[in-house]
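Just so you know, we're using my numbering here: the sequence shown kicks off at 893 and counts up by one.
We put the beta carbon where it would ideally sit given N, CA and C, even for glycine.
Treat the numbers as computed from the prediction; the structure is a model and nothing was measured.
Here the structure is laid out as structure tokens; the discussion comes afterwards.
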Amino acid sequence: MRYFFLIITGLSLFNCSDEKQTFDDNLINGEWVYRSMHNIPNENIPFCEQDSLECKNNLEFATAIMRLTSKDGIIDGELDMGQWGKLKMTGKFNSKTNFTITGNGLKNTSTEGWIYDYNGYTIPKWQFGIDQKDALLGSVIRSADHGTSLKGKVASFYMVKK
């Protein structure tokens, strides 16, 4: 029993290193084309080859520009939805590849009271990828009701760096 305890203790110490997490702040810094999609598990939704409103309304939840900056793993920025308004973005890296961000509506604007939470990941580049752009992907949840939109709505998102 003593050996079992020593092995478990040794494994615990090995996995609890104090090594500082390294964040690639430069990866997330910049302007991103943001798109979120409804999570509809229906394989019969047609593939859209043209850029029509009818096609987009099938799966698209939102399209916007996300401007982000990061320093020492702390993320700031804005989500610019054009005519729909803006959200102030604040967050952090939780690991080398995972980040969380909260988007808050701006006071005295149409987005006041909006709160959205994002859990995302940086995507590694393919070794032999051609013209591959930096990309982020994850999931977003509406964390507060606004208007007729109820909290709890979840969508998938992806962002491609401009």
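When you compare only the Cα positions, how much space is there between residue i and residue j?
{"i": "L971", "j": "F1049", "result": "13 Å"}
{"i": "L998", "j": "N918", "result": "26 Å"}
{"i": "F985", "j": "N931", "result": "25 Å"}
{"i": "M1051", "j": "I1033", "result": "16 Å"}
{"i": "A1029", "j": "L1042", "result": "Correcting the residue type first, residue 1029 is Leu in the shown sequence and not Ala. About 23 Å."}
{"i": "A1027", "j": "Q1019", "result": "15 Å"}
{"i": "G969", "j": "N996", "result": "11 Å"}
{"i": "M929", "j": "L951", "result": "5 Å"}
{"i": "E1004", "j": "K1054", "result": "28 Å"}
{"i": "I1022", "j": "S1031", "result": "27 Å"}
{"i": "S904", "j": "Q1024", "result": "Any reading at S904 needs caution, since the residue's pLDDT is 41, under 50, leaving its predicted position unreliable; the model's value is listed next. Using only the alpha carbons, I get a separation of about 39 Å."}
{"i": "D1037", "j": "G1044", "result": "8 Å"}
{"i": "Y895", "j": "T955", "result": "Unreliable placement is indicated for Y895, whose pLDDT of 43 sits below 50; the coordinate value is still reported in the next sentence. Y895 and T955: Cα-Cα distance of roughly 57 Å."}
{"i": "T1014", "j": "P933", "result": "24 Å"}
{"i": "G1012", "j": "D916", "result": "14 Å"}
{"i": "T914", "j": "P1016", "result": "15 Å"}
{"i": "T1070", "j": "G922", "result": "One cannot answer for residue 1070 here, as it falls past the ends of the chain, which runs 893 to 1054."}
Give the DSSP bridge partners of residue i, in chain order.
{"i": "A1036", "result": "None, per the DSSP bridge assignment."}
{"i": "F1049", "result": "S928 and G1030"}
{"i": "T955", "result": "R927"}
Give the single residue among the options whose Cα lies nearest to the Cα of residue i.
{"i": "M981", "options": "A1027, I957, T989 and D964", "result": "I957"}
{"i": "S987", "options": "T1003, S1002, G974 and I966", "result": "I966"}
{"i": "L960", "options": "K1045, I993 and E952", "result": "I993"}
{"i": "V1046", "options": "T1040, K1054, S1035 and G1039", "result": "S1035"}
{"i": "W924", "options": "M973, F953 and G1044", "result": "M973"}
{"i": "R927", "options": "I1022, Y1010, G983 and H1038", "result": "Y1010"}
{"i": "F991", "options": "A954, D964 and T1040", "result": "D964"}
Under 9 Å, do residue i and residue j count as touching if we go by C-beta distance?
{"i": "I920", "j": "S962", "result": "yes"}
{"i": "G983", "j": "T1001", "result": "no"}
Entirely within the segment 958 to 1045 and at least 3 residues each: give me those beta strand (DSSP E) ranges in chain order. DSSP assignment within the segment 958 to 1045 yields the following whole beta strand (DSSP E) runs of 3 residues or more, N-terminal first: 966 to 972, 978 to 985, 990 to 997, 1007 to 1014 and 1027 to 1034.
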